[in-house]
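*Asks:* Just add 2 to wherever you are in the sequence shown, counting from 1, and you've got our numbering. Just dropping this structure here.
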Amino acid sequence: MAEAKRRHEVDLLIVGLGPGGGSAAARAAAAGLSVIGVDRKRQLGNPVQCAEFIPNPMAGYARADGVLVQRINGMQTELPSHARVATAFPGLMIDRARFDQTIAARARQAGADLWSGACLVKLDPERSQAQVRCQNGALVGIGYRLLIAADGPGSAVAVKLGLTPLETVNTRQYTVPLRLPYGETDIFLSDDYPGGYGWLFPKGEVANLGLGADRHYDRDLKAPLDRLHASMVERGIVGRRILGRTGGLIPVGGLRSRLHWGAVVFVGDAAGLTHPITGAGIHAAVVSGEAAGEAARAWFDGDRAALDDYEEDMRDQFQVALDRAVARRRELATVWRTPTAGFDAAMRRGWIAFDEYFA
Ligand SMILES: Cc1cc2nc3c(=O)[nH]c(=O)nc-3n(C[C@H](O)[C@H](O)[C@H](O)COP(=O)(O)OP(=O)(O)OC[C@H]3O[C@@H](n4cnc5c(N)ncnc54)[C@H](O)[C@@H]3O)c2cc1C
3 MAEAKRRHEV DLLIVGLGPG GGSAAARAAA AGLSVIGVDR KRQLGNPVQC
53 AEFIPNPMAG YARADGVLVQ RINGMQTELP SHARVATAFP GLMIDRARFD
103 QTIAARARQA GADLWSGACL VKLDPERSQA QVRCQNGALV GIGYRLLIAA
153 DGPGSAVAVK LGLTPLETVN TRQYTVPLRL PYGETDIFLS DDYPGGYGWL
203 FPKGEVANLG LGADRHYDRD LKAPLDRLHA SMVERGIVGR RILGRTGGLI
253 PVGGLRSRLH WGAVVFVGDA AGLTHPITGA GIHAAVVSGE AAGEAARAWF
303 DGDRAALDDY EEDMRDQFQV ALDRAVARRR ELATVWRTPT AGFDAAMRRG
353 WIAFDEYFA
């Protein structure tokens, strides 16, 4: 590895400062570890790549100023027949940038040294050395004893370790003006979104309108999103103007075969913890980040089983739900682009609002 001009030594290096990495940094720094966290984003939390819904049990994380935007009472699922089914699924719409920034602020307060605009470019896991390219172009070397990979679905750490890439679906989202007060999240299940679904999540005076679809079936997400947008305009729910555009990858293959390799621990999307059917991953990122921060403390206290315990804990909490979701995706994969996908029954089996999903 070419020599970096400046060098740092640290107990714990965290790559990625989304909810997973930020939570890990907050816990580990509060426990007294020396922590450096790096994120390639110039401003933490921005740009947002999220529909910004969190379930009610996460309300405690939305108390800081500017995080909570509106409450959600339930979910309306629209089936191929256009039948709409209401489910109690309360939660909160958040300002995701503020959410991530609040977690990062807590980590900084606890003593973590967080660098924005700092991209991991090289990793030598044998020697526990990383190189980071900083905003000013400088290459900085960081020697670590433990590394937490919280760098999202395309994890650069996983690539540098030579691990198998996670299976992902692609998404595209517009932020549009909302023309009426809206208290539910809307879900659209249709063969128009094979391997995914469409969503309208209200956020105060605007809404996040988006969709995910498997690239195997549909590479062009713009055309179906434009059609969904046009139909929402026609129904008088949203305005024509597009105020913002985003998108990104969502892991849909379930957990990695292992969650730690040597002194590297995976959390959040990088670990494959995101729900393969709903695409929700903020909760799992925070839970796994906090648990990994705790595991790091135990590991430095001499508990050599701490990383295995972390993995066992994550599997206990998430494996059953993730395995079921992966199985439903496989079933759905046999019906997309066939006449069966036009039947409500096929979609009910593949969506969490219905008993058939859990049967
Ligand atoms: C369009 C869309 C809508 C979504 N909607 C929801 C939703 O409503 N609710 C929900 O719960 N989940 C949603 N998700 C999923 C959710 O956003 C993720 O599960 C969550 O962000 C995972 O957090 P994380 O900390 O693991 O990873 P991330 O939030 O992805 O953070 C990873 C960080 O790593 C950084 N990084 C990457 N590579 C490097 C590198 N080489 N060097 C330094 N830093 C690096 C990135 O800049 C990023 O900040 C959505 C995802 C998408 C794409």
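Note that beta-carbon positions come from the ideal geometry of N, C-alpha and C, so glycine has one too.
Compare the Cα-Cα distances from arginine 65 to each of Asn48, Arg100 and Cys121 and report the closest residue.
*Replies:* Taking only the C-alpha atoms, the option nearest arginine 65 is Arg100.
*Asks:* From leucine 163 to aspartate 310, what does the alpha carbon distance come to, in whole angstroms?
*Replies:* Going from the Cα of leucine 163 to the Cα of aspartate 310 covers about 19 Å.
*Asks:* Spatial neighbours of alanine 30 within its chain, please: CB distance less than 7 Å, with the 5 preceding and 5 following residues excluded, ordered by chain position.
*Replies:* Closer than 7 Å at Cβ, skipping near neighbours: Leu14, Val37, Gly295, Ala298 and Arg299.
*Asks:* Identify which residue in Ala160, Ala343, Thr187 and Trp117 has its Cα closest to the Cα of isoleucine 239.
*Replies:* The option with the nearest alpha carbon to isoleucine 239 is Thr187.
*Asks:* May I ask you to report which of helix, strand or coil DSSP gives tyrosine 176?
*Replies:* Correct three-state label for tyrosine 176: strand.
*Asks:* Return helix, strand or coil for glycine 39, following the three-state DSSP convention.
*Replies:* DSSP places glycine 39 in strand when its eight states are reduced to three.
*Asks:* Please state the DSSP three-state secondary structure of phenylalanine 91.
*Replies:* Coil at phenylalanine 91, not helix or strand.
*Asks:* Would you list the residues sitting across from cysteine 121 in a DSSP beta bridge?
*Replies:* Note: cysteine 121 sits in a beta bridge opposite Arg135.
*Asks:* Identify which residue in Gly255, Ala90 and Leu116 has its Cα closest to the Cα of leucine 324.
*Replies:* When only C-alpha atoms are compared, the closest one is Gly255.
*Asks:* Return yes when the Cβ of glycine 352 is within less than 8 Å of the Cβ of glutamate 333, no when it is not.
*Replies:* In contact: glutamate 333 and glycine 352 (Cβ atoms closer than 8 Å).
*Asks:* Quick check on DSSP: helix, strand or coil for alanine 273?
*Replies:* Note: alanine 273 maps to helix in three-state DSSP.
*Asks:* Is it the case that the CB of alanine 298 approaches a heavy atom of ligand 3 more closely than 7 Å?
*Replies:* Among the ligands modelled here, namely ligand 1, ligand 3 does not occur.
*Asks:* In this structure, what does DSSP give as the bridge partners for proline 57?
*Replies:* Its beta-bridge partners are Gly93.
*Asks:* For phenylalanine 360, does the count of other Cβ atoms within 10 angstroms reach 16, so buried, or fall short, so exposed?
*Replies:* Under this definition phenylalanine 360 is an exposed residue.
*Asks:* Between which two residues does the beta strand (DSSP E) containing tyrosine 146 stretch?
*Replies:* Run containing tyrosine 146: 141 to 151, per the beta strand (DSSP E) assignment.
*Asks:* Pull up the DSSP beta-bridge partners for threonine 342, would you.
*Replies:* Note: threonine 342 sits in no beta bridge, so no partner.
*Asks:* Select from Gly185, Val337 and Pro196 the residue whose C-alpha is nearest the C-alpha of isoleucine 74.
*Replies:* When each option's Cα is compared against that of isoleucine 74, the closest is Gly185.
*Asks:* My output table needs one value for threonine 79: the three-state DSSP class, helix, strand or coil.
*Replies:* Of the three classes helix, strand and coil, the one that applies to threonine 79 here is strand, per DSSP.
*Asks:* Can you tell me whether tryptophan 301 is helix, strand or coil according to DSSP?
*Replies:* Here tryptophan 301 sits in helix by DSSP.
*Asks:* Which value, in whole angstroms, describes the spacing of the CA atoms of glycine 198 and isoleucine 279?
*Replies:* So the alpha carbons of these two residues sit roughly 7 Å apart.
*Asks:* Since glutamate 54 and arginine 98 should fall inside the 8 Å C-beta cutoff, what is the C-beta to C-beta distance between them, to a whole number of angstroms?
*Replies:* The Cβ separation is near 5 Å, so the contact holds.
*Asks:* Let me check one thing: in DSSP terms, what residues is alanine 215 bridge-paired to?
*Replies:* Asn172, per the DSSP bridge assignment.
*Asks:* Taking 7 Å as the cut-off, is the C-beta of leucine 19 nearer than that to any heavy atom in ligand 1?
*Replies:* Yes, since a heavy atom of ligand 1 falls inside the 7 Å radius drawn around the Cβ of leucine 19.
*Asks:* Indicate whether the contact test is met: 3 or more Cβ pairs, each with one atom in the region 262 to 279 and one in the region 18 to 29, closer than 8 Å.
*Replies:* Yes, they touch.
*Asks:* Tell me which residue opens and which closes the alpha helix (DSSP H) that valine 235 is part of.
*Replies:* Here the alpha helix (DSSP H) through valine 235 covers 224 to 236.
*Asks:* Cα separation between arginine 339 and threonine 166?
*Replies:* Roughly 28 Å separates the two Cα atoms.
*Asks:* Compare the beta carbon distance of glycine 291 and aspartate 153 with 8 Å and say whether it is the shorter of the two.
*Replies:* Not closer than 8 Å, so no.
*Asks:* When we look at the beta-carbon of serine 233 and count the other beta-carbons within 10 Å, is it buried (16 or more) or exposed?
*Replies:* With fewer than 16 Cβ atoms within 10 Å of its Cβ, serine 233 is classed as exposed.
*Asks:* Please classify glutamate 313 as buried or exposed, where buried requires at least 16 neighbouring CB atoms within 10 angstroms.
*Replies:* Buried is the call here.
*Asks:* With distances taken Cα to Cα, identify the nearest neighbour of alanine 286 among Ile16, Asp41, Ala33 and Pro57.
*Replies:* It is Pro57.
*Asks:* For histidine 218 and arginine 8, I'd like the C-alpha separation in whole angstroms.
*Replies:* Approximately 44 Å, taken between the alpha carbons.
*Asks:* Distance, Cα to Cα, proline 341 vs alanine 335?
*Replies:* Approximately 13 Å, taken between the alpha carbons.
*Asks:* Measuring alpha carbon to alpha carbon, tell me which of Ala225, Pro59, Arg258 and Trp263 ends up nearest leucine 94.
*Replies:* Here the closest residue by C-alpha is Pro59.
*Asks:* Kindly examine ligand 1 and report whether one of its heavy atoms sits closer than 7 Å to the Cβ of alanine 28.
*Replies:* No, Cβ of alanine 28 sits at least 7 Å from all heavy atoms of ligand 1.
*Asks:* Counting along the chain, where does the alpha helix (DSSP H) carrying proline 204 start and finish?
*Replies:* Unbroken run through proline 204 is the beta strand (DSSP E), 200 to 205; no alpha helix (DSSP H).
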